[in-house]
Amino acid sequence: MSVDPYSHWHPDQSSGPALAQRLDRLARRLLPGGVTALMIVILAAPSGIPGATALLPGLVMSSVFFWSVWRPASMSAPVVFLIGLLMDLIGFAPLGVDAFVLLLLHGIAAHTRFGLMGLSFLAIWVVFSVLAAAACWLLWLLISVLSLNAMPTAPAVFETLLAVGIYPPMAAAGNWLHRRVWNPEPQA
Amino acid sequence: MIPVSIQIRQALERVWLPVMLLLSVAMILLGWANQRLTNAARMAVADVLSPVWAVIAEPGEQLSAALLELRGIGHLAQENARLRMENETLRGWYDVAVSLTEENQTLKTNLHWMPDPVPSFVTGRVVGDAGGLYSHAVLIGAGPQSGVRVGNVALAADGFVGRVTETGGHSARILLIDDVASRIPVTLETSHGTAIMAGDNSTMPRLMYYAQDNHPIEGERVVTSGQAELLPAGLPVGTVHYIRASTPVVAPYARLDHLTILRVFDFDSGTIDSPDAPGRVPVAPLRQRGAATGRDNPMDGMTLGGVVDGLSGRAAAGAARSSAAGPVDGPDSENGVTTEGPAAADGQANGWESGTGTEPETGSATGAATGSGDGDDGRQRQNGAGASGPAGDGSAAPAVNQARPGRG
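For the record, the sequence lines run as chains A and B. Counted from 1, the first sequence has number 169 at position 170 by numbering that gives the first Met the number 0; the numbering is strictly sequential. Counted from 1, the second sequence has number 115 at position 116 by numbering that gives the first Met the number 0; the numbering is strictly sequential.
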């Protein structure tokens with residue numbers, strides 16, 4: 000292979016990012032969804048955590064909401080759909096119900112994100128609480144309708160309270176991840 | 000990522016959400032319409048994840064065991080005293096149990112008690128919570144490969160837990176008794192009443208449909224009832240407790256929220272077929288001598304008592320009839336002999352004796368029947384014996400009567 004040493008033409012050199020960079024970017028994009036899916040799997044194991052099944056929807060909702068507001072590219076609609084489907088399949092709820100409700104939550108959060116990002120943390124928390132309560136009751140309604148049987152309301156109330164309560168720690172963890180992973184500090 | 004123009008990417012992003020919403024609605028409809036497919040998908044996911052869950056659960060269990068031990072160290076003396084007292088009580092109960100077992104054994108021998116079939120069981124670890132918020136179920140790490148089948152009964156160490164509702168490759172889902180969908184027929188031991196135990200997603204299932212003049216008594220034992228042929232009778236479930244006046248619930252013996260190891264029993268209750276009620280079986284008309292028509296009707300030639308073996312014995316009977324080809328009316332008499340209630344065995348044995356001993360034409364009939372190539376020798380013989388009745392065209396009862404005196 001004879002390369003003209005005086006030529007500046009390098010046909011093999013691509014102008015785009017290198018493979019490692021691409022993989023890195025892909026990993027960052029998939030991280031929130033992957034972490035959420037991992038939480039779903041781990042919480043379904045018999046861990047002995049009290050109320051693990053009631054905690055799961057709140058955890059997933061807050062994760063979806065947080066990333067939909069701050070990083071909608073990492074929590075895109077297909078990822079939300081897959082997360083919801085995984086929840087349905089593991090939890091033996093009527094298929095597609097969780098996916099539907101989570102997609103609605105994601106849609107609302109992603110559409111109002113520019114308004115939400117300007118608000119203080121407390122205001123966002125209040126908005127999330129309202130949305131999570133609506134989502135929990137929509138879930139209750141859908142499951143009741145699909146199983147042709149009015150489900151007990153106590154778990155829905157419990158679920159809502161846990162969702163509201165789990166949001167601050169989730170948001171703190173997400174904030175930390177958001178800063179560390181997307182804006183890595185320059186190496187000294 | 001595929002490099003696309005900004006316009007296309009924006010359009011795609013705008014389109015993703017409605018598409019996914021539609022897809023999820025389609026999933027809801029699909030899951031609602033085709034339960035079998037969704038259950039298969041769920042069990043496939045559970046099969047994949049159950050080893051992962053088993054690995055996750057392992058350190059947690061060790062941790063909780065260690066914690067329990069640590070807690071126990073603090074109350075060693077107290078615990079020791081309690082155990083010593085309990086041991087004394089249990090020693091007394093042991094003597095009672097031994098004497099009662101022996102008495103029970105004697106009584107059963109005297110009564111010619113039919114022993115219950117010994118169930119086979121497999122023991123599995125609970126690897127996952129397959130319930131979710133609105134249902135209560137667990138996943139165990141044993142599936143059809145280990146003999147677990149749908150409908151099997153799951154017991155914890157201290158009582159009845161639920162039934163297997165779905166099975167995957169090497170995992171099975173057990174619907175617990177406190178699930179909304181669970182309805183278990185139970186017997187109340189002290190008041191001798193029956194009721195339905197219905198789950199309501201609380202830890203204590205309700206009691207429904209008990210007799211209004213025989214209310215459940217607070218504290219009495221609840222065991223399963225064998226009525227619906229779903230469960231064997233007598234499995235311990237729990238005790239009756241009134242949370243409010245006229246609201247009896249069952250406090251289950253098993254700790255339904257902390258299940259770790261379950262035994263799954265195959266009681267095989269489906270094999271107990273109840274006998275057909277006589278009134279419901281069409282009585283065959285007396286058949287004309289040598290009438291060869293009507294062979295296609297499976298109920299043909301059956302009498303009141305001859306239903307059970309009638310179908311299985313028909314092939315042999317037909318063969319005998321065609322080869323003997325005479326006025327001998329094989330099927331009817333054969334049916335009568337084989338299955339006339341408890342006399343069936345007698346009829347078989349005696350029929351052969353009487354047939355060989357007295358009637359001259361039996362030899363040919365038997366020979367023909369045996370020669371027709373059907374494997375069941377006993378049936379052929381008895382078939383011949385039945386055929387040797389004097390008239391041959393009588394209904395079943397005379398044939399039996401004919402066979403019976405031959406014994407003497």
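Virtual Cβ for every residue (Gly too), placed ideally from N, Cα, C. Note that the structure is a prediction, hence the values are computed from the model and not measured.
Asked                                                                                                                         : Found
Residues sharing a beta bridge with leucine 174 (chain B), DSSP                                                               : B:Ala136, B:Arg162
Interface positions of the stretch 185-208 of chain B facing chain A (Cβ-Cβ less than 8 Å), listed along the chain            : Asp199, Asn200, Ser201
Burial state of alanine 384 (chain B) (16 or more Cβ within 10 Å)                                                             : Reliability of the predicted coordinates at alanine 384 (chain B) is poor, the pLDDT of 40 falling under 50, and the value obtained from them is presented with this limitation in mind. Classification for alanine 384 (chain B): buried.
Host beta strand (DSSP E) of leucine 154 (chain B) (start-end)                                                                : 152-154
Proximity winner among B:Pro17, B:Gln226, B:Ala64, B:Glu219, relative to glycine 237 (chain B) (alpha-carbon distances)       : B:Glu219
Tryptophan 92 (chain B), buried or exposed, once every other Cβ within 10 Å from all chains shown has been counted against 16 : exposed
Span of the beta strand (DSSP E) around threonine 105 (chain B)                                                               : Looking at the DSSP string, threonine 105 (chain B) is not in any beta strand (DSSP E); the run it does join, the alpha helix (DSSP H), is 75-110.
Inter-residue spacing [alpha-carbon to alpha-carbon] between phenylalanine 91 (chain A) and leucine 110 (chain B)             : 49 Å
Residues near valine 185 (chain B) in its chain [Cβ-Cβ closer than 8 Å; skip 5 each side]                                     : Thr193, Ala194, Ile195, Met196, Leu206, Val221, Val222, Thr223, Ser224, Val236, Val249
CB-CB length for glycine 167 (chain B) against methionine 42 (chain B), believed under 8 Å                                    : 3 Å
Residue ranges of each alpha helix (DSSP H) within the stretch 22-109 of chain A, 4 or longer                                 : 51-69, 76-90
DSSP state of isoleucine 7 (chain B) mapped onto helix, strand, coil                                                          : helix
Residue-level contact to chain A via CB, aspartate 128 (chain B), 8 Å cutoff                                                  : yes
Interface residues of chain B facing serine 61 (chain A) [CB-CB closer than 8 Å]                                              : None at all; the shortest Cβ gap to chain B is about 16 Å.
Chain B contact residues for proline 31 (chain A), given Cβ-Cβ distances below 8 Å                                            : Those within 8 Å of proline 31 (chain A) in chain B number zero; the least Cβ separation is about 16 Å.
Cβ distance (whole Å) where phenylalanine 216 (chain A) is taken to contact serine 23 (chain B) below 8 Å                     : Outside the modelled stretch of chain A, which goes from 0 to 187, sits residue 216 (chain A), for which no answer is possible.
Span of the alpha helix (DSSP H), counted from its first residue to its last, around arginine 112 (chain A)                   : 112-116
Beta carbon proximity, glycine 90 (chain A) to chain B, threshold 8 Å                                                         : yes
8 Å Cβ cutoff, serine 73 (chain A) in contact with chain B                                                                    : no
C-beta neighbour in chain A for glycine 161 (chain B), strict 8 Å                                                             : no
Cβ-based contacts, 8 Å cut-off: residues of the stretch 127-147 of chain B near chain A                                       : Gly127, Asp128, Ala129, Gly130, Gly131, Leu132, Tyr133, Ser134, Ala136, Val137
For methionine 196 (chain B), three-class secondary structure by DSSP                                                         : strand
Under 7 Å by beta carbon: chain A residues contacting alanine 227 (chain B)                                                   : Within chain A, no residue comes near alanine 227 (chain B); the closest Cβ sits about 21 Å away, beyond 7 Å.
Status (buried if at least 16 other CB within 10 Å, exposed otherwise) for aspartate 157 (chain B)                            : exposed
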